[in-house]
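Protein chains in written order, with the numbering used here: chain A, 7 to 274; chain B, 7 to 329; chain C, 8 to 319. Note that the Cβ used here is the ideal one computed from N, Cα and C, for glycine as well. The structure under discussion appears below in the form of structure tokens.
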Amino acid sequence: MPRLTPALLLGLVLLGAVLLAAAVPDWLAPYDPLAFDFTALSAAPSAAHPFGTDQFGRDILSRTLHAARIDLQIALFCMVFPLLIGGLIGLLVGWYGGWIDAVFGRLVDLVVTFPFLVLVIFFVAVLGPGLVNVYIAVACVGWVPYAKLMRAEVLVQRQSDYVAAGRVLGYAMPRILLRHILPNACRPVLVYAVTDMALAILLGSSLGYLGLGAQPPTAEWGVLIADGKNFFTTAPWISLFPGVAIVLAGIGFSLTGDGLADLLAVKK
Amino acid sequence: MTALLQIRDLTVTFATRHGAVHAVDGVSFAVGRGEVLGLVGESGSGKSVSLRAITRLLPDFARVSGQVAWQGEDVLAMSPERLRRLRGGQIGMVFQEPMSALNPVLPIGLQITESLIAHTDLDARARRARALELLDLVGIAAGPSRLSQFPHEFSGGMRQRAMIAIALAANPAVLLADEPTTALDVTIQDQILRLLRGLVDELGMALVLVTHDLGVIAETCDRVAVMYAGRLCETGDVAAVFARPRHAYTAALLQAMPGEGTRDRKLLTIPGQAPRLDAPAIGCAFAPRCALVRPICTTDRPVLQPVAPRQSSACHAAADLAA
Amino acid sequence: MPRLGWLVGRLLQIVPTFLLIGIAVFVLARLLPGDAVSAMLGDRASDATINRLTAELGLNRSLGAQLLAFLTAAAQGDFGASLSRHVPVMRLVAEALPVTLSLVAIATTLALAIALPLAFIAALNANRWPDIAIRAVFQVGLSSPVFYIGLILLTVFAGWLGWFPVGGYGESVSEHLYHLFLPGLTLSLSFAAVVMRNLRAAVLAVLTAEYVDFARAKGLARSVVLLRHVLRNALIATVTLVGLHVGALLGGAVITETVFAVPGVGRLMIDSIFARDYPVIQALTLVLAVLVSLAFLVTDFVQMWLDPRVGR
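This is the structure we're talking about:
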């Protein structure tokens, strides 16, 4: 019996919190995230600054809340583009099969030998640091799992009676794909996409930390952590709280993904 | 004849999300040296569960009550170490499906010798010799080369022989066999049954054979216990029960049985629905499908009682069946 | 011996894989927009410098000739000279690679040491509190970025407690181990989480197998049942997944090395990106892909060793 488990509930609550921060950071944040306050430099958490301030006196809570929008955007774009590209490739490969499928198999074998992060870094190295280039890189590299999922689903659905019937009736391939295969392939892809967004948050913040993703002064969790890394022993709150935000968002996405997998009876 | 293994009023319930399932309900039987007892019934009748309850092989959520006595010793109260020595040491067990009961990634030789390590203090050389002897005993030729082979390199019949060899490794006094021939084709079935019967006669073991096949009972067993819906219907000597069943269910089973010489022994069908185990019948569990049903059958549960020398039945129509 | 044939065949497969990796790296470097020379030299280079470098890199030849030259050179370990450090790329790689391999080896050892027992404890107590606690902790670990874990461990154990050095690699083998322990632990945690999760599921599946019941029915000691019959079979289901994770492990090593200032392949790569040291990046990408394909090979061999059904 699929049901709302405590784990799924927790995941949804965490996701809701991140979404809320991303939607209306100005309402929630007590300060302007970029405003300097020279009376409170590197101040420890207090009633005035619950998460403390950084070396320029900027309020960490406000910066962490504002960063949610960027990190959520990263999670979304790092999922959507690979999903569209991979979905299309998987659809075509699964439908046509034959030598296209064989080439696809070799290509997938090849792509998985390149460590994902290394390949993304390679792309960013050539294209230059920055979020747009990160999206391009992830789109070029991250389509593989979606293509594999979609291909597998198309292969299953192709065997089914209604698709066979559609072929016999002479329906055009796009119609069969759109009307029958896509709706069925949605569930596993959706489940994977939610889990993938947890990974995308990790990837985006890692690239931000390395200086290859979002560029300062954009408030992004990885960038915020990098900002505070040199003060970690003396003012740990500067890096600590943005990190907590990453962890909570990551848990939110993966618990929701796991819960959805159970609800939709998708084998992970 | 003293009983090696005595089961009294064995009851097994499984706690599930939808309530308790009464898989075995007050079953009693005994088996002695050199004796083959057949436990027969449809699937879901509780025969396999009863067998596994003897050596406490049921999952944690099973509740077992009643008494299992091994030579007077209470098995259900045994310490883990005493139970470990009982399993395989005094009571060997053979499963239905050798392909899934043998570990696919370990050589057959190791799967035999690990039993010997667990129950004997033979050294490596003696264990190997004993393993070869066991393979020979169950009719697997070319033992030495077989020891290093894996289950997938054996044929179905050979795998079942290997499993019997493993069960016999430590010279158990009782062998429990859970549908040992169901997964095999008919010719191999006969070979395995003859092997088991021969081992009982040769080694003086006791054998409890679970099956859904009356033909297997007729061919192999001395005594039979018929189960339905977790309850015992009838017990007695095979010849007597087959000649004069005293329970309506047994009678129906025998009637549905194909004649002598028929190769196809697939289970007999009796009209009606299989009983529900989550809501045990107030009266006789077989009443809804029984041709001889009478009012008392739906209100009073029949008790197993002697109906003839060495034959007991739990049927309100027992007296009528005798006529 | 059919298995020997399988083994040799699997070994030979590595040759086309290497070739494809080489071609892929070459194609990637040529396909991406912007030409490499101006990317390396920056915007203010003179035409003369550009022409000289173009000729030096052989970029004025046909693509086919360039590919052939690249592959033959790469096969001999020649990736040209580093633009920022003016030494052969291969020397940089050769210096950095053992460091990264040690880091990955330490991380793998720690991850298995952490994950194997905990996966077992979790599976044997499925859905009771030890299982829930273990899974919750690993869920946090799985959702924490490597650099964040690294920073925290670095601050607590090197900064505040002073038990470990803040970074670097040291001079002797024992110093290497000492320096790599914290980075190794950092890198191991996400890997441990993946192993734990998969192995727990595999153990749960194996525990319901008939051969486990049969092993118990044989009167084997609990430890024998668990180690010989449950663990071994559960590992077979896990090994492939673990092998597939090696790429992620190497990616994690890149970040870990940056956090802990470990002079390995990852830090060399990040440094080279900011120095626009194109040949180094190209060589490292290739080397890391080759490492992953070797890891897949090792995975297959381990799989064959564990499972007699493979390769027959």
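Collapsed DSSP secondary structure at residue i in the structure displayed
{"i": "V144 (chain B)", "result": "coil"}
{"i": "G2 (chain A)", "result": "Here chain A comprises residues numbered 7 to 274, so residue 2 (chain A) is not present and cannot be evaluated."}
{"i": "T215 (chain C)", "result": "coil"}
{"i": "L21 (chain A)", "result": "helix"}
{"i": "E87 (chain B)", "result": "helix"}
{"i": "A53 (chain A)", "result": "coil"}
{"i": "L89 (chain A)", "result": "helix"}
{"i": "E240 (chain B)", "result": "strand"}
{"i": "S318 (chain B)", "result": "strand"}
{"i": "R98 (chain C)", "result": "helix"}
{"i": "M263 (chain B)", "result": "coil"}
{"i": "V46 (chain B)", "result": "strand"}
{"i": "P312 (chain B)", "result": "strand"}
{"i": "I13 (chain B)", "result": "strand"}
{"i": "F198 (chain C)", "result": "helix"}
Where the beta strand (DSSP E) containing residue i begins and where it ends
{"i": "T217 (chain B)", "result": "212 to 217"}
{"i": "I288 (chain B)", "result": "No beta strand (DSSP E) contains I288 (chain B), which DSSP labels as neither H nor E."}
{"i": "A36 (chain B)", "result": "25 to 38"}
{"i": "D184 (chain B)", "result": "180 to 184"}
{"i": "Y155 (chain C)", "result": "Counting along the chain, Y155 (chain C) falls outside any beta strand (DSSP E), though it belongs to the alpha helix (DSSP H) covering 153 to 160."}
{"i": "G278 (chain B)", "result": "Per DSSP, G278 (chain B) belongs to no beta strand (DSSP E) and is neither H nor E."}
{"i": "G258 (chain A)", "result": "Counting along the chain, G258 (chain A) falls outside any beta strand (DSSP E), though it belongs to the alpha helix (DSSP H) covering 243 to 269."}
{"i": "G259 (chain C)", "result": "Where G259 (chain C) is concerned, there is no enclosing beta strand (DSSP E), although the alpha helix (DSSP H) it sits in stretches over 253 to 267."}
{"i": "G98 (chain B)", "result": "97 to 100"}
Straight-line Cα distance separating residue j from residue i
{"i": "Q166 (chain B)", "j": "V144 (chain B)", "result": "9 Å"}
{"i": "Q261 (chain B)", "j": "R229 (chain B)", "result": "19 Å"}
{"i": "L10 (chain B)", "j": "L43 (chain B)", "result": "12 Å"}
{"i": "R93 (chain B)", "j": "T226 (chain B)", "result": "24 Å"}
{"i": "V18 (chain B)", "j": "H24 (chain B)", "result": "16 Å"}
{"i": "T61 (chain C)", "j": "D54 (chain C)", "result": "10 Å"}
{"i": "V249 (chain C)", "j": "L123 (chain C)", "result": "12 Å"}
{"i": "L27 (chain C)", "j": "A46 (chain A)", "result": "57 Å"}
{"i": "A143 (chain A)", "j": "F129 (chain A)", "result": "5 Å"}
{"i": "M85 (chain A)", "j": "A130 (chain C)", "result": "32 Å"}
{"i": "L218 (chain A)", "j": "V309 (chain C)", "result": "37 Å"}
{"i": "R98 (chain C)", "j": "P180 (chain A)", "result": "54 Å"}
{"i": "W33 (chain A)", "j": "L67 (chain A)", "result": "13 Å"}
{"i": "H186 (chain A)", "j": "Y168 (chain A)", "result": "8 Å"}
{"i": "G249 (chain A)", "j": "V55 (chain B)", "result": "53 Å"}
{"i": "I324 (chain B)", "j": "A208 (chain C)", "result": "Note that residue 324 (chain B) is Ala in the sequence shown here, rather than Ile. Cα to Cα, A324 (chain B) sits roughly 52 Å from A208 (chain C)."}
{"i": "T240 (chain A)", "j": "E226 (chain A)", "result": "22 Å"}
{"i": "R271 (chain B)", "j": "Q197 (chain B)", "result": "Any reading at R271 (chain B) is ruled out, since the residue's pLDDT is 47, under 50, leaving its predicted position unreliable."}
{"i": "N134 (chain C)", "j": "F57 (chain A)", "result": "36 Å"}
{"i": "T268 (chain B)", "j": "L201 (chain B)", "result": "With a pLDDT of only 48 at T268 (chain B), under 50, the local geometry of the prediction cannot be trusted, and no value is derived from it."}
{"i": "A244 (chain C)", "j": "L238 (chain C)", "result": "10 Å"}
Unbroken alpha helix (DSSP H) run spanning residue i, endpoints
{"i": "W76 (chain B)", "result": "Taken as a continuous stretch (DSSP letters only), W76 (chain B) belongs to no alpha helix (DSSP H), being part of the beta strand (DSSP E) at 68 to 76."}
{"i": "P65 (chain B)", "result": "Counting along the chain, P65 (chain B) falls outside any alpha helix (DSSP H), and DSSP gives it neither H nor E."}
{"i": "R229 (chain B)", "result": "Looking at the DSSP string, R229 (chain B) is not in any alpha helix (DSSP H); the run it does join, the beta strand (DSSP E), is 229 to 234."}
{"i": "G214 (chain A)", "result": "188 to 216"}
Contacting residues, own chain, Cβ-Cβ under 8 Å from residue i (five flanking each side not counted)
{"i": "G95 (chain B)", "result": "A124, H125, A176, P178"}
{"i": "A189 (chain B)", "result": "Q102, E103, P104, M105, G162, Q166"}
{"i": "G166 (chain C)", "result": "V173"}
Other residues of its chain near residue i: CB distance less than 7 Å, five sequence neighbours each side excluded
{"i": "L16 (chain A)", "result": "L261"}
{"i": "P95 (chain C)", "result": "A88"}
Cβ neighbours of residue i in the same chain (closer than 6 Å, five flanking residues each side left out)
{"i": "V299 (chain C)", "result": "V253, G254"}
{"i": "Q317 (chain B)", "result": "G242, A246"}
{"i": "L64 (chain B)", "result": "R58"}
{"i": "V70 (chain B)", "result": "V18, A59"}
{"i": "S319 (chain B)", "result": "E240, R252, H253, V313"}
Proximity test, Cβ basis, 7 Å: residue i and chain E
{"i": "S91 (chain C)", "result": "Absent from the structure: chain E. Protein chains present are A, B and C."}
Along the stretch 80 to 91 of chain B, what residues have a CB closer than 7 Å to any CB found in chain C?
-> R90, R91
Residues in the stretch 231 to 265 of chain C having any Cβ partner in chain B nearer than 8 Å = V231, R235, H236, R239, N240, I243
Output, in sequence order along the chain, the residues in the stretch 132 to 163 of chain B whose CB is closer than 8 Å to any CB in chain C.
-> F156, H158
Name, going along the chain, the residues of the stretch 110 to 131 of chain A whose beta-carbon falls closer than 8 Å to a beta-carbon of chain C.
-> R112, D115, L116, V118, T119, F120, P121, F122, L123, V124, L125, I127, F128, F129, V130, A131
Between the stretch 81 to 106 of chain A and chain C, which residues of the former have a C-beta closer than 9 Å to a C-beta of the latter?
-> none
Please list the residues of the stretch 231 to 250 of chain A that have a C-beta atom closer than 7 Å to any C-beta atom in chain C, keeping them in chain order.
-> I231, K235, F238, T239, P242, S245, G249
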